[in-house]
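The sequence shown begins at 10 in the working numbering and counts up by one. Worksheet: the structure to be examined is printed underneath.
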Amino acid sequence: MNGLKFVPKIREVRFDSKLERKILQKWKKERIYEFNPKTRKKIFSIDTPPPYPSGAVWHVGAAAHYSQIDMIARTARMFGFEVFFPIGIDRNGVPVERYVEKKYGIRMHETPRENFIKLAKTALDELEAKLIKIMKMMGLSGDFDNYYRTDSEEYRKLTQQTFLILWKRGLIYQATRPNNYCHDCRTTIADADVVYEEVPTKLVYVKFRLAGEDGFITVATTRPELICSCQAILVHPEDERYKQLVGKKAVLPIYGREVPILAHPAANPNFGSGMVMICSYGDLTDVRLFRELGLKEIISINLDGKMNENAGKYAGLEVERAREEIIKDLQNEGLVEKIEIINHRVPICERSGTPIEIISLDEFYLKQLPFLKDVKRIAKKMIFHPEQHKQILYDWINSISLDWPISRRRFYGTEVPVWYCKKCGKPNLPEIKKYYRPWKEKPPFKQCKYCKSKEFVGETRTFDTWFDSSITPLFISKFMKDKNFFKKVYPISIRPQAKDIVRTWLFYSLLRCYQLTKKPPFEHVWIMGYGVDERGEKMSKSKGNVIDPLPLLKKFGSDSFRFWSAQESSLGYDFRCSEKRVENASRFLTKFWNIARFISQFPIPKKAKLQASDKWILSELNILIDECMKGYKDFNFFIPSTKLREFIWNLFASHYVEMVKQRAYGNNSNKEEQKAAWFTLHYCLKTFLLLLAPITPFICEYIWLKLYGKKSIFLQRFPEKRFKSNLFKLTQKLVEFNSMVWGEKKKRGISLKDEISIEIPKELKIFEKDLKAMHNIV
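This is the structure:
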């Protein structure tokens with residue numbers, strides 16, 4: 010037949026993971042995703058979050074997150090961009106160290122540092138291989154040939170270089186200050202790494218004797234073990250109950266030391282007894298009041314989480330044990346008025362789940378307070394997807410009141426590049442040249458710049474892991490390494506990430522990159538919600554509700570997994586995870602595969618004289634293209650996935666295909682009418698493939714290469730609207746008529762193939778021939 014292209018019929022009964030593996034091999038061989046830095050196209054760069062191989066199963070929610078990041082990359086390619094999609098692995102920080110301790114049954118601080126680092130690298134290599142396997146299996150189209158590691162010398166060198174630059178600019182300094190401290194992790198932690206939990210806690214009403222008098226006062230506290238560190242008792246200036254006590258002194262029970270009673274608005278008359286003891290340090294309010302009131306701190310908790318000599322008889326006890334012991338002793342002395350159980354907001358280390366303490370330590374700090382307005386200003390310029398999650402960032406910026414402590418007492422991280430003079434004790438810093446390890450290397454200078462002494466001791470601390478990971482946009486764009494490349498890809502087009510690390514990874518990236526470049530690091534910020542279980546609870550190993558994605562990928566295939574991820578919820582909202590939901594997504598792809606198999610039996614006409622039914626579905630197809638493009642432009646894959654599913658299953662298959670099926674087979678139709686059906690079926694399928702490709706790349710690539718092209722579908726552009734018509738206005742009436750006929754046949758107890766006598770509405774007469782064939786209307 011003239012003007013017809015005959016295509017191979019799709020004979021496979023179903024699309025499975027074996028075909029996906031073949032396509033993966035083809036992509037790898039042809040290198041169709043390889044980034045060309047010399048391109049004339051506009052570059053779209055992605056600051057892919059480097060996943061963290063911390064030992065726990067990479068749960069289904071995280072895998073879904075990365076599948077959607079790949080959808081971003083594929084979308085950008087089909088919009089005509091040259092896509093720079095680097096892959097990295099985050100291999101620094103406390104979770105890595107905790108995994109190594111658990112895996113090998115060791116304690117980090119009791120193990121030689123060199124040995125611990127070797128064990129960490131071995132463990133990380135094993136975990137990393139699993140992550141890479143899953144990412145490749147899901148079809149991530151990133152640069153796996155050149156993936157980076159945040160523990161590589163090249164990456165750590167850049168982290169140290171940025172430290173040295175900011176030190177020279179006066180933006181980093183050393184100071185001894187009260188800091189959040191986790192005795193389990195054995196290190197300082199930043200405010201951003203602290204979470205708060207409501208915990209049932211004893212509120213103990215303790216009697217304090219008034220100095221020089223016979224009376225007592227009652228102070229309610231949740232931290233009686235810190236009585237030894239108390240330096241003042243506060244009452245509210247307007248609390249009539251205690252005005253006569255202001256200026257007097259109270260005697261600390263058990264310890265016998267006198268402390269002043271002061272009036273201060275920080276005391277809450279409605280909490281406890283209305284009297285509060287100020288200790289070093291129960292919470293951040295204590296820290297602020299010690300500074301404001303000029304009080305001298307008394308530290309009673311050591312770095313191992315045990316009470317020290319300032320606690321007297323409780324020295325050597327862990328904090329909770331000391332709390333119970335002092336309560337018993339106070340009760341025995343008749344100094345406990347009562348005990349209430351309250352829900353108390355307790356600060357917890359996000360990494361270890363351990364309650365934090367506030368302890369004064371010498372640390373390095375990065376100035377962030379002077380830059381908060383700048384960070385807020387550049388954030389306003391960036392496009393957030395979804396827009397409402399920008400408020401998470403603003404809320405965090407507004408809550409910051411201290412500079413960022415960036416040094417940590419850990420082993421596995423980027424070392425702070427500082428040596429101290431043994432004679433004068435001052436820090437000496439090297440030139441910006443290489444990666445330094447002061448804890449094991451001699452300094453690259455011969456004498457102290459301050460006193461000329463020649464003996465040094467190297468710094469043993471490492472940087473906060475966020476100090477490392479916050480420079481990913483600089484590292485991938487080759488900052489300080491390749492000026493031309495940096496100019497091409499920076500600012501980065503998009504930062505995709507989860508909403509739980511907005512206050513850490515996003516904020517610190519904005520801060521650090523602005524300090525170093527004076528530019529916003531991103532044009533777009535894309536923030537995904539949490540993966541939760543069927544009850545809506547966030548997945549965690551402790552809850553036992555973590556789902557391993559690997560069995561799901563093997564059972565249902567990557568495209569089913571990806572389609573589930575896209576259609577489960579709109580961008581930014583939490584999404585429920587279960588095997589059943591992935592299975593439901595796979596049913597759509599089975600339906601789509603069967604539609605493609607059906608269409609593949611027909612040749613493709615170059616042109617055709619379209620019938621009314623053809624024009625109608627093509628008018629609806631134009632609306633579908635508009636809706637999908639709206640979703641893709643916002644990188645919200647919920648929109649195209651749900652629109653395509655609804656259109657293909659409930660409109661195209663249920664109505665159009667059934668209307669033209671007989672015409673396509675050549676029953677009761679002439680050649681022109683038959684060709685029109687063939688043309689429209691293929692045109693619709695081809696459009697579906699282009700619209701679905703970023704979400705379900707495997708099945709779309711396979712069908713595309715089988716039927717429509719020799720080159721990958723990912724070398725194509727998104728479809729544009731054609732065949733304008735207003736017949737979409739008849740869709741509702743057409744659907745209602747078809748449903749009515751099906752219902753009537755069911756009511757009469759006859760099959761859908763049986764004849765029926767029924768009147769076709771006047772407005773649908775233009776579809777009469779197809780409707781009669783569809784329903785066997787006589």
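All C-beta atoms in this analysis are idealised placements derived from N, C-alpha and C, irrespective of residue type, glycine included.
**OP:** Pick out whichever of G102, F776, Q77 and L140 has its Cα sitting closest to the Cα of D557.
**Re:** On the sequence shown, position 548 is the one that residue 557 refers to. Nearest in C-alpha terms to D557, of all of G102, F776, Q77 and L140, is L140.
Original post:
What three-state label does DSSP hand H394 in the structure shown?
Top reply: For this step, residue 394 is matched to residue 385 along the sequence shown. Three-state result, H394: strand.
Original post:
beta strand (DSSP E) containing D371: first to last residue?
Top reply: Here residue 371 refers to the residue found at position 362 when the sequence shown is read from its first residue. Element bounds for D371: E366 to L375.
Subject >> Candidates G179, I365, K31 and P62, of which the one nearest V4 by Cα >> reply: Nothing about residue 4 can be reported from this structure: the residues present for the chain run from 10 to 787 only.
**OP:** Could you pull out every residue in the same chain whose Cβ sits closer than 6 Å to the Cβ of K730, ignoring the five residues on either side in sequence?
**Re:** Here residue 730 corresponds to residue number 721 of the sequence shown, with the count starting at 1. Excluding positions up to five away in sequence, the list reads N631 and I634.
Original post:
Among N352, D412 and K389, which residue has its Cα nearest to the Cα of P379?
Top reply: On the sequence shown, residue 379 is found 370 positions in, with the first residue counted as 1. When only C-alpha atoms are compared, the closest one is D412.
**OP:** Determine the extent of the alpha helix (DSSP H) in which W405 is found, giving its start and end residues.
**Re:** What you label residue 405 is simply residue 396 of the sequence shown in a count that begins at 1. Taken as a continuous stretch (DSSP letters only), the alpha helix (DSSP H) holding W405 covers K399 to S408.
Subject >> Close Cβ partners of S567 (< 7 Å) along its chain, the five nearest in sequence each way excluded >> reply: By 1-based counting over the sequence shown, the position of residue 567 is 558. Cβ neighbours of S567 beyond the five flanking positions: E29, M146, M147, G148 and F707.
Subject >> Nearest-angstrom Cβ-Cβ length linking A73 and F53, presumed shorter than 8 Å >> reply: Here residue 73 is taken as the residue at index 64 of the sequence shown, counted from 1. Here residue 53 is taken as the residue at index 44 of the sequence shown, counted from 1. Their Cβ separation, rounded to whole angstroms, is 22 Å, which puts A73 and F53 out of contact at 8 Å.
Original post:
Is N155 helix, strand or coil by DSSP?
Top reply: As a first step, residue 155 must be located in the sequence shown, where it is residue number 146. Strand, per DSSP.
Subject >> Contact under 8 Å by Cβ, W514 with Q524 >> reply: Your numbering for residue 514 matches position 505 in the sequence shown. Your numbering for residue 524 matches position 515 in the sequence shown. Going by C-beta atoms, W514 is not nearer than 8 Å to Q524.
Subject >> 4 or more residues per run - each alpha helix (DSSP H) lying fully within the region 619 to 668 >> reply: 621 to 642 and 647 to 656
**OP:** Kindly give me the distance between the Cβ atoms of W448 and N437, rounded to whole angstroms, as I take these residues to be in contact under 8 Å.
**Re:** Reading the sequence shown from its first residue, position 439 is the one you call residue 448. Reading the sequence shown from its first residue, position 428 is the one you call residue 437. Not quite, the Cβ-Cβ distance comes to about 15 Å (not below 8 Å), so this is no contact.
**OP:** Starting from the Cα of F15, find the closest Cα among Q671, Y157, E768 and F688 and give me that residue.
**Re:** Residue mapping note: residue 15 aligns to position 6 of the sequence shown, counting from 1. If we check each option's Cα against that of F15, F688 comes out closest.
Original post:
Is the number of C-beta pairs between the region 594 to 609 and the region 18 to 25 that are closer than 8 Å three or more?
Top reply: yes
Subject >> Limits of the alpha helix (DSSP H) - the one that M87 falls within >> reply: Position 78 of the sequence shown holds residue 87. First-last of the alpha helix (DSSP H) with M87: V69 to M87.
Original post:
In this structure, does DSSP put R470 in helix, strand or coil?
Top reply: Within the sequence shown, residue 470 is the residue found at index 461, counting from 1. Of the three classes helix, strand and coil, the one that applies to R470 here is coil, per DSSP.
**OP:** Give a yes or no on whether the C-beta atoms belonging to K216 and T227 are separated by under 8 Å.
**Re:** The residue you call residue 216 lines up with position 207 of the sequence shown. The residue you call residue 227 lines up with position 218 of the sequence shown. Yes. Within cutoff.
Original post:
Is there contact between the region 275 to 292 and the region 243 to 256, where contact requires at least three CB pairs shorter than 8 Å?
Top reply: yes
Original post:
Does the region 668 to 685 come close enough to the region 619 to 630 to have 3 or more Cβ pairs within less than 8 Å?
Top reply: yes
**OP:** Check each candidate in V213, P703, A199 and P500 and name the one with the smallest Cα separation from F280.
**Re:** Residue mapping note: residue 280 aligns to position 271 of the sequence shown, counting from 1. By alpha-carbon distance to F280, the top candidate from V213, P703, A199 and P500 is V213.
**OP:** Go ahead and label N735 buried or exposed: buried means 16 or more other beta carbons lie within 10 angstroms of its beta carbon, across all protein chains shown.
**Re:** As a first step, residue 735 must be located in the sequence shown, where it is residue number 726. By the 10 Å Cβ count, N735 comes out exposed.
Original post:
Is it buried or exposed for T696, if we count other Cβ within 10 angstroms and need 16 for buried?
Top reply: On the sequence shown, residue 696 is found 687 positions in, with the first residue counted as 1. By the neighbour-count rule (16 or more Cβ atoms within 10 Å), T696 is buried.
Original post:
Looking at the unbroken beta strand (DSSP E) that takes in C693, where does it start and where does it end?
Top reply: The residue given as residue 693 occupies position 684 in the sequence shown. That residue, C693, is in no beta strand (DSSP E); its alpha helix (DSSP H) goes K680 to L701.
Original post:
What span of residues does the alpha helix (DSSP H) with K589 cover, start to end?
Top reply: For this step, residue 589 is matched to residue 580 along the sequence shown. Taken as a continuous stretch (DSSP letters only), the alpha helix (DSSP H) holding K589 covers E588 to S609.
**OP:** Quick one: residues in its chain with C-beta nearer than 7 Å to the C-beta of D643, no 5 flanking neighbours on either side, listed in chain order?
**Re:** For the purposes of this step, residue 643 is taken as the residue at position 634 of the sequence shown. Excluding sequence neighbours, D643 sits near H394.
Original post:
Does DSSP put P379 in a helix, in a strand, or in coil?
Top reply: Sequence index remark: in the sequence shown, residue 379 carries index 370 (1-based). P379: helix per DSSP, three-state reduction.
Original post:
For Q183, is the classification buried or exposed, using 16 other Cβ atoms within 10 angstroms of its Cβ as the cut-off for buried?
Top reply: Residue 183 sits at position 174 when you count from the first residue of the sequence shown. Label assigned to Q183: exposed.
Subject >> R195 and R418 closer than 8 Å at C-beta >> reply: Taking the first residue of the sequence shown as 1, we reach residue 195 at position 186. Taking the first residue of the sequence shown as 1, we reach residue 418 at position 409. Yes, the pair counts as a contact, with Cβ atoms nearer than the cut-off.
**OP:** Could you check which residue in I406, A199, N493 and L298 has the C-alpha nearest to that of L370?
**Re:** What you label residue 370 is simply residue 361 of the sequence shown in a count that begins at 1. Residue A199 is the option with its Cα nearest to L370.
Subject >> Backbone secondary structure at R504 - three-state DSSP >> reply: One-based indexing of the sequence shown puts residue 504 at position 495. Looking at R504 - three-state DSSP - the assignment turns out to be strand.
Original post:
In angstroms, rounded to a whole number, what distance separates the CA positions of F572 and I308?
Top reply: Within the sequence shown, the letter at position 563 stands for residue 572. Within the sequence shown, the letter at position 299 stands for residue 308. If you take the alpha carbons of F572 and I308, they lie about 55 Å apart.
Subject >> Three-state secondary structure assigned by DSSP to N279 >> reply: Numbered from its first residue, the sequence shown carries residue 279 at position 270. Coil.
**OP:** Helix, strand or coil for H192, going by three-state DSSP, please let me know.
**Re:** For this step, residue 192 is matched to residue 183 along the sequence shown. If DSSP states are grouped into helix, strand and coil, H192 belongs with coil.
Original post:
So, is M10 buried or exposed, given that buried needs 16 or more other C-beta atoms within 10 angstroms?
Top reply: Residue mapping note: residue 10 aligns to position 1 of the sequence shown, counting from 1. Summary for M10: the model assigns pLDDT 47, below 50, so the residue's position carries little reliability; its value from the coordinates is reported in the next sentence. With fewer than 16 Cβ atoms within 10 Å of its Cβ, M10 is classed as exposed.
Subject >> At least 3 beta-carbon pairs within less than 8 Å: the region 469 to 485 vs the region 153 to 171 >> reply: yes
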